[in-house]
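Worksheet: one structure, shown below.
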Amino acid sequence: MIKLINLKGIMHYRRITIISAAGIIILAALNKSWAAYSAATIFLIWFALSWYGVFNIRSQFIGKTYWRGNRNEKKIALTFDDGPYEPYTSQILEILKKYNVRATFFLIGKNIERYPEAVKRIHENGHEIGNHTYIHRRFFYTLFPAIKEDINRCQELIKNITGVNTSLFRQPLGFRNPSIVKMVEDLNMHMIGWTFRTYDGTDQNPERIIKRALDNVSNGAIIVMHDGCDKEGGKKDGTAAALPVILEKLIADGYKFVAVSELLGINPVVSDSREVNIKEKVKIA
65 MIKLINLKGI
75 MHYRRITIIS
85 AAGIIILAAL
95 NKSWAAYSAA
105 TIFLIWFALS
115 WYGVFNIRSQ
125 FIGKTYWRGN
135 RNEKKIALTF
145 DDGPYEPYTS
155 QILEILKKYN
165 VRATFFLIGK
175 NIERYPEAVK
185 RIHENGHEIG
195 NHTYIHRRFF
205 YTLFPAIKED
215 INRCQELIKN
225 ITGVNTSLFR
235 QPLGFRNPSI
245 VKMVEDLNMH
255 MIGWTFRTYD
265 GTDQNPERII
275 KRALDNVSNG
285 AIIVMHDGCD
295 KEGGKKDGTA
305 AALPVILEKL
315 IADGYKFVAV
325 SELLGINPVV
335 SDSREVNIKE
345 KVKIA
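The sequence shown begins at 65 in this note's numbering and counts up one residue at a time.
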């Protein structure tokens, strides 16, 4: 039985914000120099904590974000961002099939429109699919209506092609703000972060990709790689070259690759009750 979505993070943030604002107002009303300094200190602390929550994927200050699984089990989750993007998505699917590895793909809506057949293949091969927004917008400075439209548009594309109403959401670059957290809450979705990135989104040197993966892996890790990009003309030859080496080494070391939902013990589809039993495992085609 999975745990209910944890809302303590965002409630904690709201409570601290209200208390901080009240304290600043009270101190300002005193019209004393020491009170002004105290009010400024409170504001700076709140501001620093808020921005730490925006940029640090592991921070729970502004809301719940999953960034690793159980440290006591030798299970890891391999995730791919920014796809689908051909021919690289198909190449990566073939590699995963060869090694009988199940992964999770966080898809961009505009790429789904370009490569719907790749989305079907991801789903038919038994991999998990998550929402990575429609346009890969840097949401930390975006207003609520635009966030809602972007997430919902990608969600509908995924659902129309696969029939899956995914509960998995990953914010572009990992940047969050309270509006994003609230939107994910309202949609009964899970904010999925990562334990580490291979930085293959910007560096396509296979040796460096391999080194980052092998140097940083540990029990319960969520690994980020890329099968696509948010702009036309991107290449992922380095990712495709590095992936077999990474899989062979980690499998030999005893790691078991699982989908993100299995690693975290969460429901991969939206549930109105937010609590379900996960009994069925999808076999790789």
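Each residue gets a CB set at the ideal place from its N, CA and C atoms; glycine is no exception.
Small disclaimer: the values here were computed from a predicted structure and weren't measured.
Own chain partners of Arg122 with C-beta closer than 8 Å, once the 5 adjacent residues on each side are dropped
Translated into the one-based positions of the sequence shown, residue 122 becomes position 58. Within the same chain, Arg122 has close Cβ partners Thr129, Trp131 and Gly257.
Inspect the beta-carbon positions of His191 and Phe169 and report whether they are closer than 7 Å.
Sequence index remark: in the sequence shown, residue 191 carries index 127 (1-based). Sequence index remark: in the sequence shown, residue 169 carries index 105 (1-based). It is a contact, given that the beta carbons lie within the stated cut-off.
Val183 - DSSP class collapsed to helix/strand/coil
Position 119 of the sequence shown, counted from the first residue, corresponds to residue 183. The answer is helix: DSSP assigns Val183 an H, G or I state.
Looking only at DSSP bridge pairs, what is Ile286 linked to?
Position 222 of the sequence shown, counted from the start, is the residue given in the question as residue 286. According to DSSP, Ile286 bridges with Ala141.
So, is Gly194 buried or exposed, given that buried needs 16 or more other C-beta atoms within 10 angstroms?
The residue given as residue 194 occupies position 130 in the sequence shown. Result: buried.
With distances taken Cα to Cα, identify the nearest neighbour of Glu296 among Thr105, Gly127, Arg135 and Pro151.
Here residue 296 refers to the residue found at position 232 of the sequence shown. The candidate whose alpha carbon is nearest that of Glu296 is Pro151.
Flag this pair as touching only if the stretch 278-288 and the stretch 253-268 have three or more C-beta atom pairs under 8 Å; answer yes or no.
yes
Which same chain residues end up closer than 7 Å to Val165 when comparing Cβ atoms and leaving out the 5 residues on each side of it in sequence?
Residue 165 sits at position 101 when you count from the first residue of the sequence shown. Around Val165: Leu142, Leu311 and Phe321.
Could I get the ranges of all uninterrupted alpha helix (DSSP H) runs contained in the stretch 232-275, with 4 residues as the minimum, in chain order?
242-250
When you compare each of Asp301, Ile286 and Cys293 to Arg135 by their alpha carbons, which one comes out closest?
In the sequence shown, residue 135 corresponds to position 71, counting from 1. When only C-alpha atoms are compared, the closest one is Ile286.
Are the beta-carbon atoms belonging to Thr303 and Asp264 less than 7 Å from one another?
For the purposes of this step, residue 303 is taken as residue 239 along the sequence shown, with counting starting at 1. For the purposes of this step, residue 264 is taken as residue 200 along the sequence shown, with counting starting at 1. Result yes, Cβ atoms of Thr303 and Asp264 sit closer than 7 Å.
Are the CB atoms of Arg240 and Gly173 nearer to each other than 7 Å?
Taking the first residue of the sequence shown as 1, we reach residue 240 at position 176. Taking the first residue of the sequence shown as 1, we reach residue 173 at position 109. Their beta carbons are not under 7 Å apart, which means Arg240 does not touch Gly173 by this criterion.
Name the two residues that bound the continuous beta strand (DSSP E) containing Ile193.
Residue numbering aside, residue 193 sits at position 129 when the sequence shown is read from its first letter. First-last of the beta strand (DSSP E) with Ile193: Glu192 to Asn195.
Residue nearest to Ala167 in terms of C-alpha spacing, selected from Ser325, Val334 and Gly329:
Counted from its first residue, the sequence shown places residue 167 at position 103. Comparing C-alpha distances from Ala167 to each of Ser325, Val334 and Gly329 shows the shortest one belongs to Ser325.
Where does Asp317 fall in DSSP's three states?
In the sequence shown, the residue the question calls residue 317 occupies position 253. Of the three classes helix, strand and coil, the one that applies to Asp317 here is coil, per DSSP.
Compute the Euclidean distance between the alpha carbons of Val334 and Arg178, then round it to the nearest angstrom.
On the sequence shown, residue 334 is found 270 positions in, with the first residue counted as 1. On the sequence shown, residue 178 is found 114 positions in, with the first residue counted as 1. Taking the straight line joining both Cα atoms gives about 25 Å.
Bounding residues of the beta strand (DSSP E) (the contiguous stretch that carries Thr168):
The residue you call residue 168 lines up with position 104 of the sequence shown. Per DSSP, Thr168 belongs to the beta strand (DSSP E) from Thr168 to Leu171.
Distance between Phe144 and Lys300 (C-alpha atoms, nearest Å):
On the sequence shown, position 236 is the one that residue 300 refers to. On the sequence shown, position 80 is the one that residue 144 refers to. In this structure, the alpha-carbon of Lys300 lies about 11 Å from that of Phe144.
Looking only at DSSP bridge pairs, what is Val359 linked to?
A query on residue 359 cannot be resolved here, the shown segment of the chain reaching from 65 to 349 and no further.
Would you decide whether Glu339 is buried or exposed? Buried here means 16 or more other CB atoms lie within 10 Å of its CB.
The residue you call residue 339 lines up with position 275 of the sequence shown. In this predicted model, Glu339 has a pLDDT of only 39, less than 50, meaning its place in the structure is not dependable; the value taken from the coordinates is given anyway. Exposed, since its Cβ has fewer than 16 Cβ neighbours within 10 Å.
Ile126 vs Pro242 beta-carbon contact at 7 Å:
Taking the sequence shown and counting its residues from 1, the one referred to as residue 126 is at position 62. Taking the sequence shown and counting its residues from 1, the one referred to as residue 242 is at position 178. Yes.
In the DSSP assignment, what are the bridge partners of Gly147?
The residue you call residue 147 lines up with position 83 of the sequence shown. For Gly147, which the question treats as bridged, DSSP gives the partners Leu171.
Per DSSP, Arg217 forms a beta bridge with which residues?
Residue numbering aside, residue 217 sits at position 153 when the sequence shown is read from its first letter. None; Arg217 has no bridge partner.
Collapsed DSSP secondary structure at Leu71 in the structure displayed
Indexing the sequence shown from 1 puts residue 71 at position 7. Bear in mind that a pLDDT of 45 at Leu71, under 50, signals an unreliable position, so the number given afterwards is only what the model happens to contain. Reduced to three states, the DSSP call for Leu71 is coil.
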